[in-house]
Structure formats: C-alpha cells, structure tokens
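Participant:
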Amino acid sequence: MPVTKRKAHEDAMTYVIIGNGVASIGAIEGIRRHDQKGKIVVIGAEDSAAYGRPLISYLLAGKIGVDQLALRGDDYYTKNKVDLKLGTTVTKIDSAKKAVTTDKGETIAYDRLLIATGGIPFIPPIPGVQGEDIYSFTTLAHAQTLIELSAKIKRAIVIGGGLIGLKAAESLHDRGVAVTILELAPRILSAGFDEKAGALAANRLKNVGIEVNCGVTAKEIQRDPKGRVKGVLLTDGRFLETDVVVVAIGVVPHSAIAKDAGIKVERGIMVDEKLMTNAKDVYAAGDVAQAMDHLSGEHRVVPIWPNAYNQGYASGRNMAGAKEPYQGGLPMNSISFYGLPTISVGVVNPPEGDKSFEVHALLDEAKETYRKLVFRDEKLVGYVLVGDIDKAGMFTAFIKFEMALGGEAKDKLINAGPEVFLWPEKLFDETWNPTPAKAAR
Amino acid sequence: MKRVYPNKDYCIGCHICELACLTAHSKSKDLILAYTVERTGEGLSSCKHVHEGGPTCVALSCRHCDEPSCVAACISGALQKDPESGRTTYDREKCVGCWSCLMACPFGAIARHPLENKIVKCDLCFDRPGGPACVAACPNQALKQEER
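Protein chains in written order, with the working numbering: chain A, 1 to 441; chain B, 1001 to 1148.
Set out below in structure tokens:
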C-alpha cells in the first residue's frame, strides 16, 4: 500500500498509548520532555484517570478516600495535551497500517505506539475457582467490590502470600473480616524477601490476628448446591470454611493483543534497549514488558511500580526520538505491615552454594529489626531492611552506581553503614558539586 | 534551573544550615521556638543534613534531579517533577508514607518524618523571598545556589 510518509520534523507526531497506568504516565512525561507539539492519545480500559494502583490497599483499609487516588492533578491531561479515552479497550493492533482499533469501533492511526496494558491477575486451575465468591485485588473496581463485600462477610481466605495477597489480607482484616492467608512456599514474601524478613512480617500479621499458613495451598474450592463458596480444602487435608476467596498469586503480562498482532512475546512483550518491540515503532513498557534487568543483564518481567514508570519514561523519550537507552530495571519493594516497614532491593536470595556471593545478615528479633547485605565481586548487589529503613536510599546508591568496595570500604559499609564519603571522589563531585559544564542530571 | 551545590572543601560542619532550614520551615519562623517547641512537639525536621567523615563534612539535601528516582517510585503522586520550575515537588497531603521514595533515591535525600507517615524533603525554599535559607545562612559559602 502506498502510504504518504510523514516526516517527524515537518509534522507533529501522533503517539498512541494503550493503557493508563503508571507506565503510561511515565511515557507522557518522557514524550513531553522532548516533544511539546506531538499529539498524545491515551486509551484506558478502566474508567478513571491514572491512579496509584498500590493505593487500593489503603483505600480498602479505609486509610484514604477515592479522591486521594489520582496520580496527577486534575489539569494534567489538558496541560500535557493528552486526548484521554477512558473505558475503552483496544481490540486490534495493525502494525503494518500503523493503526489500532477500539471496542467503540474507532480506528486510530499512530506514528508511535506504546503498549502499556500492565498485568492481569493469574488465576490457577484449582477445582471450583470458577464462579461466584472469587475475587482479585489489582484494580480500583476490585477494591470497591471488596469494600462493599466486607460489610456482609465474616471470613475470607487469601490465596497467595506475596505483596498483593498480604495487603489484601491486612486491609480486609482492618474492615473486620477474619482472614486466613495460604502460601504455597515455606514462607510469605518469598519473591522479594528472605526467610527472616518474611518471618518478621508474618509475626506482625499473626499478632493482629491474621492467620498465616505457609507450605500449603488450596486443593479445591468447595461450593454449596447453589454454587456459593463453602470453604477451601487444603493440600494438607484440612478444610477451612470461608465466605469468599481472594486469589492473589500474582499478575501475568496482559499481552494477548500484542501476540495477536504478531509481536514477539516470551513471558512478556520482548523489547530492546529502546523499549521497542520487534514491530517497528511499536514499544512496550511496564508489567506487560520483558525488558532488560540491570543486575542480571537478562530480559525479565519485573512487575514493580518504579520499573513501570521508568520504562514508560524511557519509551516516551525514545518514541520522541531521543535515542537514550533504557538503563535497566532494579527490583525493589518497600512495604509496611502494621507499621513495620520493610525494604528489599536487588539480589536478596543468592543461589544457595554459589560462593561468588557474600552475605552479611543481622537480626534483632526483640527490636524487630533486620539488615541483610548481599555482595558479589566486592560490590553491593542487594539488601533487605526491616524496621530501621532510614539508610535505604544510601544503600541503593551502592547497587545502582555499582561502586567498587575495595579495602576498608566494605567493612565500613557493613559496620558503620552507608556513608557518602565511601563514594569514589569523582562520583561524589559529579553528583554533588559538578563543574558547571558537567552539571549532573 | 538553579540548584544548591555543597562544597565539602569549605564546609566547617557547623550545622547552621540545618538550623536555618528548620526555622524556614517552621510556623513561628523563630529559631528558638522552632528548635524547642516545634521540633520536639511536632517533629519539625531539617531537610538538610550535615554528613561527617573524619575531618571532612558536607551538607546534603535533595538535588532536584532532572529525572528523579523518587518520582518514578512514588505510588501516590505526592512527588512530581514540575516542568516549569524544574523542582521536584512534594505534596504532603497526597503522601501515604510508603517509603518507596526513600528506598529509590540513591542520594539519601529523603527522610521519614519523626512522628507522622510523611516524608521530609527539600523544597528549595520556593516561597522564601531570599531563596534557600541554608545558602543564606552558611557562614563560609560552602553552599551555593547557581545555574550549572
């Protein structure tokens, strides 16, 4: 098909972003840093402007109101000249014709397309999982459903002891629901935290009255003749009665639309260092993307908030022609359990028996504090902090800037904590007191 | 934009910048009341911190990065980049105290409020007529606000 090609320099670009989560916000901000003129169209399946998705647990717990969820101000989309189409789902991507089709029957042409559709809850094939009384907890709509529900129910079982499951459990408990958590792994928070940090968090939850069962999961969800949930049969043979089940095992990339368009998808949508997919001018970012990981150098799906924003931002810059590679993501999680703050960054569970890693851990059960530092090749590659988290960012610096910790530096880091004077002189100067020509970003 | 740059060769570790910051962000705008009443009673804190390493010291605070890690990590939208002023702005009302920014900022420039689930971060004294109080108070010009 002969198509009149538009030149970016002559005509304003049209950027179409599928998805209206934090990756989308990052993309808008990345685009606008380089291109003030281009047209941005954001197509969001949900009905609200971008909101702080992790805030749904604060909403469910009754700590904040719906009016506090918006991620940006009321005038944000207008100010950034964004055409926001909410409650709209993209049904087809045609990367040859450079257009997308929506469920409203609209066809929208793009010069650059970003797929930022995020993740969808993974529902395991447990007998009885299909039907009423089964809930997820990843959207505002889910939270609102659970708020209404919590007034009517007495008991809930949460399947999954990861971040989403624990926050769902805590929030439902705050609403007066008796909650039991089931976690297949031997400990909760098995992905981002280690055994001791997991145990401290589990104790906090148990102390307030949340039941935590590890090493066990649902074998079957049993229903009464009307189809309503009666209870859950566990893999250890026990039967627990419950009114509802919240499935919070994790999210999987929402990549069907990309697959259908012939875009390369492994676990997530594969993207290069510019966050572009194998289809020209089609980018992907956030929980749907399989992008480069800073520490391992491998492509991984790491569905965490800062990665989603950063990937969105980097894709935005690159769509606008900035040619700045994505620096790679760093796994990091910060979450509190009934006032007990926990932070985990980078590699926190090195492979057992791998002697290239060196671990220094310090646990004080009475004070509920824990600090674990993981080193490799005389560099800090990961840490966990529980309780005392105030130096977290300074630890992050050593991982992010890959600072070599030769000689006394490592001992000082372990014994006295991270201090800015342990930084190499050059990095210190460029960061804090650069010469005018080299002013740091 | 004009940022505050600390020079460790000039810093004498007197902590006057911290006191100036405390006063500038107090209700009373009075050093003694800020320190004795508001600091102890309300958890008023300085955004500036003097770091000491042997004989060397330096006063650090938020760098107002062009592409801030804290904004990327903020789950509530409390931290944002203001494209016009260049400042990394903080909306206390929106903050839920998740400490994601504190984890993500590799410059250690964000602190927990001592009493509330809020953070403490430099705002460049944007509403102070004379500019940042720390710069004005530094007795040895170890802090400079400049365009670089």
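Ideal Cβ positions, reconstructed from N, Cα and C, are used throughout, including at glycine. Computed from a predicted model, the values in this text were never measured in an experiment.
For A:R300, return the contacting residues in chain B, with the cut-off set at a CB-CB distance below 7 angstroms.
Facilitator: In chain order: nothing, as chain B lies at least about 18 angstroms away.
Participant: Quick one: what's got a C-beta closer than 6 angstroms to A:N20's C-beta in the same chain, skipping five residues either side?
Facilitator: Around A:N20: V42, G44, A50.
Participant: For B:G1077, return the contacting residues in chain A, with the cut-off set at a CB-CB distance below 7 angstroms.
Facilitator: Near B:G1077 (Cβ distances below 7 angstroms), the residues of chain A are G52, A70, L71, R72.
Participant: Quick check: the segment 158–169 of chain A against the segment 201–216 of chain A, are there 3 or more CB pairs under 8 angstroms?
Facilitator: Yes: at least three Cβ pairs fall under 8 angstroms.
Participant: Cα separation between A:T78 and B:I1110?
Facilitator: Near 31 angstroms, if we compare the C-alpha coordinates of B:I1110 and A:T78.
Participant: Tell me where the alpha helix (DSSP H) around A:D411 begins and ends.
Facilitator: 408–416 is the extent of the alpha helix (DSSP H) around A:D411.
Participant: Would the segment 1116–1128 of chain B and the segment 1079–1090 of chain B be scored as touching if the rule is three or more Cβ pairs under 8 angstroms?
Facilitator: Touching, per the Cβ criterion.
Participant: Going by CA-CA distance only, name the one from A:G231, A:A256, A:K412, A:A116 that's closest to A:V246.
Facilitator: If we check each option's Cα against that of A:V246, A:G231 comes out closest.
Participant: Are the beta-carbon atoms belonging to A:G417 and A:K391 less than 8 angstroms from one another?
Facilitator: Going by C-beta atoms, A:G417 is nearer than 8 angstroms to A:K391.
Participant: Answer yes or no: do A:Y340 and A:K196 have a C-beta to C-beta separation smaller than 8 angstroms?
Facilitator: First, the amino acid is wrong: residue 340 of chain A is Leu here, not Tyr. Cβ distance not < 8 angstroms, so A:L340 and A:K196 don't count as in contact.
Participant: So, are the CB atoms of A:L149 and A:V244 less than 8 angstroms apart?
Facilitator: Against a cut-off of 8 angstroms, the Cβ pair of A:V244 and A:L149 comes out as a contact.
Participant: Got a sec: which bits of the segment 1109–1130 of chain B sit with their beta carbon under 8 angstroms from any beta carbon on chain A, in order along the chain?
Facilitator: Cβ contacts with chain A: A1109, I1110, A1111, R1112.
Participant: Using a Cβ-Cβ cut-off of less than 7 angstroms, give me the residues of the segment 1090–1105 of chain B that come near chain A, in sequence order.
Facilitator: Those residues of the segment 1090–1105 of chain B that come within reach of chain A (Cβ to Cβ, closer than 7 angstroms) are K1094, V1096, C1098, W1099, S1100, L1102, M1103, A1104, C1105.
Participant: Can you have a look at B:Q1080 and say buried or exposed, based on whether 16 or more other CB atoms are within 10 angstroms of its CB?
Facilitator: The residue in question, B:Q1080, is buried, as its Cβ has 16 or more Cβ neighbours within 10 Å.
Participant: For A:E419, return the contacting residues in chain B, with the cut-off set at a CB-CB distance below 8 angstroms.
Facilitator: Those are H1051, G1053, listed as they occur along chain B.
Participant: Pick out the complete alpha helix (DSSP H) segments inside the segment 1031–1091 of chain B, 4 residues or longer, and give them in chain order.
Facilitator: 1039–1042, 1069–1073, all fully within the segment 1031–1091 of chain B.
Participant: Could you have a look at A:P331 and say whether DSSP puts it in helix, strand or coil?
Facilitator: In the structure shown, A:P331 sits in coil (DSSP, three-state: anything other than H, G, I, E or B).
Participant: What does DSSP give as the partner residues of A:I17 in its beta bridges?
Facilitator: A:V42, A:L114.
Participant: A:I249: buried (16+ other C-beta within 10 angstroms of its C-beta) or exposed?
Facilitator: Answer is buried; the Cβ neighbour count reaches 16.
Participant: Given B:L1102, which residues of its chain have a CB within under 6 angstroms of its CB, disregarding the five upstream and five downstream residues?
Facilitator: I1110, listed in sequence order.
Participant: Quick one: list the residues of chain B neighbouring A:D390, beta-carbon separation under 8 angstroms, in chain order.
Facilitator: Near A:D390 (Cβ distances below 8 angstroms), the residues of chain B are L1102, A1111, R1112.
Participant: Does the distance from the CB of A:W305 to the CB of B:S1100 come in under 8 angstroms?
Facilitator: In contact: A:W305 and B:S1100 (Cβ atoms closer than 8 angstroms).
Participant: Kindly confirm or deny that the segment 56–63 of chain A and the segment 22–32 of chain A touch, where touching means at least three C-beta pairs closer than 8 angstroms.
Facilitator: Not touching, per the Cβ criterion.
Participant: With which residues is B:E1147 paired in a DSSP beta bridge?
Facilitator: Answer is B:K1002.
Participant: Any idea what DSSP makes of A:Y135, helix, strand or coil?
Facilitator: If DSSP states are grouped into helix, strand and coil, A:Y135 belongs with the strands.
Participant: How big is the Cα-Cα spacing for A:P2 and A:T277?
Facilitator: Note that A:P2 scores 45 on pLDDT, short of 50, meaning its location in the model is unreliable; the coordinates nonetheless yield the value given after this. Using only the alpha carbons, I get a separation of about 24 angstroms.
Participant: Are A:V348 and A:G382 closer than 8 angstroms when you measure CB to CB?
Facilitator: In this structure, A:G382 lies closer than 8 angstroms to A:V348 by Cβ.
Participant: Who are the neighbours of B:R1087 on chain A, taking C-beta pairs under 8 angstroms?
Facilitator: Near B:R1087 there are no residues of chain A at all, since even the closest Cβ is about 15 angstroms away, more than 8 angstroms.
Participant: Going by beta carbon distance, what residues of the same chain come within less than 6 angstroms of A:F239, once the five residues before and after it are set aside?
Facilitator: Closer than 6 angstroms at Cβ, skipping near neighbours: G231, L233.
Participant: Which chain A residues sit within Cβ distance under 7 angstroms of B:P1006?
Facilitator: Those within 7 angstroms of B:P1006 in chain A are W432, N433.
Participant: Please report the distance separating the alpha-carbon of B:E1052 from that of B:G1013.
Facilitator: Roughly 8 angstroms separates the two Cα atoms.
Participant: Straight-line CA distance for A:P127 to A:I221?
Facilitator: Their backbone Cα atoms lie some 6 angstroms apart in a straight line.
Participant: Look at the alpha carbon of A:A70 and the alpha carbon of B:C1057, and state the distance between them as a whole number of angstroms.
Facilitator: Whole-angstrom Cα-Cα distance: 41 angstroms.
Participant: If you draw a straight line from the alpha carbon of A:S95 to that of B:P1129, how long is it in whole angstroms?
Facilitator: Distance between the alpha carbons of A:S95 and B:P1129 is about 54 angstroms.
Participant: How would you list, in chain order, the residues of chain A whose beta-carbon sits under 9 angstroms from the beta-carbon of B:L1143?
Facilitator: Per Cβ cutoff of 9 angstroms: no residues; B:L1143 is ~10 angstroms from chain A at best.
Participant: Measuring straight from C-alpha to C-alpha, what distance separates A:E324 and A:L275?
Facilitator: C-alpha separation (whole angstroms): 10 angstroms.
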